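Position one of the first sequence corresponds to residue 93 (our numbering), numbered consecutively onward. So the structure is just underneath, and the comments pick up after that.
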Amino acid sequence: MTRVRANPASQAAFLARNVADALPAGGLERRLEQAVEAGRPLRVKLGLDPTAPDIHLGHTVVLQKLREFQDLGHRVVLIVGDYTARVGDPSGRSETRPALSAEEIAANARTYERQAFRVISDDPDLYELRFNGEWLDMSMEALFGLARTTTVAQLLDREDFATRYRAGAPISVLELLYPLMQGYDSVAVRADVELGGTDQTFNLLLGRDIQRHYGQPEQAVLTLPILPGIDGVEKMSKTKGNQIGVTEEPSSMFAKTMRLPDEAMATWFELLAVEPSAPEIPPRDAKRALARAIVSRFHGDVAAAAAEQAFDRIFVEHGVPDEVADADVSASDGIVHVPAALGEAFGVSRSEARRLLAQGGVRVAGQPLAADELDVPRARLDGEVVQLGRRRFRRLRVR
RNA sequence: GGGGGGAUGCCCGAGUGGUUAAAGGGGACGGGCUGUAAACCCGUUGGCUCUGCCUACGCAGGUUCGAAUCCUGCUCCCCCCA
93 MTRVRANPAS QAAFLARNVA DALPAGGLER RLEQAVEAGR PLRVKLGLDP TAPDIHLGHT
153 VVLQKLREFQ DLGHRVVLIV GDYTARVGDP SGRSETRPAL SAEEIAANAR TYERQAFRVI
213 SDDPDLYELR FNGEWLDMSM EALFGLARTT TVAQLLDRED FATRYRAGAP ISVLELLYPL
273 MQGYDSVAVR ADVELGGTDQ TFNLLLGRDI QRHYGQPEQA VLTLPILPGI DGVEKMSKTK
333 GNQIGVTEEP SSMFAKTMRL PDEAMATWFE LLAVEPSAPE IPPRDAKRAL ARAIVSRFHG
393 DVAAAAAEQA FDRIFVEHGV PDEVADADVS ASDGIVHVPA ALGEAFGVSR SEARRLLAQG
453 GVRVAGQPLA ADELDVPRAR LDGEVVQLGR RRFRRLRVR
């Protein structure tokens, strides 16, 4: 059952790829040595937020590293922050996040787990899932014990707290408690290693301090670079709308990747581990290779080839995709009111449809519809593919 | 306990009685350009039965010919002093 490889040094070298920081220096290697001596796998922790269940490419950077630990025989411990999500995290602005119900959290956790298995292994020897409500639903006395481990000065060391404090911006006590709770998770699962994005460095390191206060060996910390979103600049996140989900359609994955600014390509090649490095070819072709590799990774080679073809048809040849969804629209006396029909077919408001029409953003069978063509005979639209903007298509059926 | 500040469109943020569907920026969307992109240029960005009408500036009332702007009450938020 113990598949842990010997040779800690080579394991550490293997695991160092793509890592932003390994703290403390040599820490991981020491834990690997100890694991070999004790003849047991390491427990590698990753905390996750059950408020956003869908996994995007940004998450896969860390998940990939977890996978590599698994490949060396180590055990991944995913922790669902169900307790914290139930309280509602007020961080950032004053907009208190809605507290989720237990059912929602459970459902989100299942979704997350299912999607995570596209990257990590679900082998029960190499994986466990835990909910932190299991141990955070503690007594006041226990909370006092946890609160004693850390000082306000330590917390104010964290950059975003420091910045906000200096600016006189609000920081709730609850927010200050979050790093403590996350650190206690490490105590509860006896983590040997914890992974996270570089933006989690403070929390991960605080976990070490808290473990020490509880008389446990301190976890090694590995931080991974943050993957920029498809805008090429900001961190990939659902709220920014710059993400590519691992369950997204192949064609959408492909097209979104192609929109990535050139400057971010090298980073994507590296972090998404699709190929050793950006090939020395023109950027356009490199990006195609990147897009193909990403789609292949999650949908297979066949789907990737199809996605590329569809992309060429729509964006290069300005044609119509193979698969166009049908939409029923209504007519009266054989006349179709275009804004209404677009509203029905694409779910936009009539005002928005009028604007698009006025800007030449509506095409019927490839030909722009004139701005003043508000009412057209049904024959003009029935059975035709209507294009709204650059990438929305519907085949209309006039009833 | 005391004092002060604030709530505006997707977000940030101007506006302190009428010319304000509400400056400016961001984002998004559309068109042009292009390599698919970025950059750049132009345009749009509440709804509708669309040369007009309706709804909108935390909530509820009030003053006024007329209010996001003034008054009253309420809710929520923030800062400072103690």
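Every residue, glycine too, gets a C-beta built ideally from N, C-alpha and C. These figures come from a predicted structure and were not determined experimentally.
Please name the residue, chosen from Asn334, Val454 and Ile427, that lies closest to Phe438 on a Cα-to-Cα basis.
Per the Cα distances, Val454.
What is the rounded straight-line gap between the Cα of Arg222 and the Cα of Lys157?
Each residue's CA atom was taken as its position, placing Arg222 and Lys157 some 19 Å apart.
Nearest to Val172 (by Cα), restricted to the options Arg159, Ser193, Pro142 and His166
Pro142
Opposing strand residues paired with His391 [DSSP bridges]:
Its beta-bridge partners do not exist; DSSP assigns none.
One question on the structure: do Arg389 and Val428 come within less than 9 Å of each other, judged by their Cβ atoms?
no
Does the count of Cβ pairs from the segment 270 to 289 and the segment 306 to 320 closer than 8 Å reach three?
yes
Look at the alpha carbon of Arg300 and the alpha carbon of Arg447, and state the distance between them as a whole number of angstroms.
57 Å
Apart from the five residues on each side of it in sequence, which residues of its chain come closer than 6 Å, Cβ to Cβ, to Val478?
Val456, Arg486 and Leu488
Glu121 to Phe106, Cα distance in whole Å?
11 Å
Could you compute how far the alpha carbon of Val136 sits from the alpha carbon of Pro317?
18 Å
Since Pro51 is in the alpha helix (DSSP H), which residue starts that stretch and which ends it?
Residue 51 lies beyond the residue range present for the chain, which begins at 93 and ends at 491; the question has no answer from this structure.
Does the segment 248 to 260 touch the segment 202 to 216, meaning 3 or more C-beta pairs lie closer than 8 Å?
Put simply, the segment 202 to 216 does not touch the segment 248 to 260. Fewer than three CB pairs are less than 8 Å apart.
Can you list, in chain order, the residues of its chain whose CB lies under 7 Å from that of Lys512, leaving out five sequence neighbours each side?
Absent from the model: residue 512. The displayed extent of the chain is 93 to 491, so no value can be given.
Mapping DSSP to helix, strand and coil, what is Glu129?
helix
For Gln459, three-class secondary structure by DSSP:
Secondary structure of Gln459 (DSSP, three-state): strand.
Taking 6 Å as the limit between beta carbons, can you name the residues of its chain near Gly275, skipping five residues before and five after?
Leu298, Gly299 and Ile302
Ser343 burial status per 10 Å Cβ neighbour count (16 or more: buried):
When all chains shown are included, Ser343 counts as buried.
Pop quiz: Met357 and Ala378 are said to be a contact at Cβ under 8 Å. What is the actual Cβ separation, rounded to whole angstroms?
6 Å
With a threshold of 6 Å on Cβ separation, who are the neighbours of Asp146 within its own chain once the five nearest residues in sequence on each side are excluded?
Gly337
Just how far apart, CA to CA, sit Glu476 and Thr339?
30 Å
Three-way DSSP call (helix, strand, coil) for Ile171 in this model
Assigned with DSSP and collapsed to three states, Ile171 falls in strand.
Quick check on DSSP: helix, strand or coil for Gln311?
Coil, per DSSP.
Taking its Cβ as the centre, do 16 or more other Cβ atoms sit within 10 Å of Phe236, making it buried, or is it exposed?
exposed
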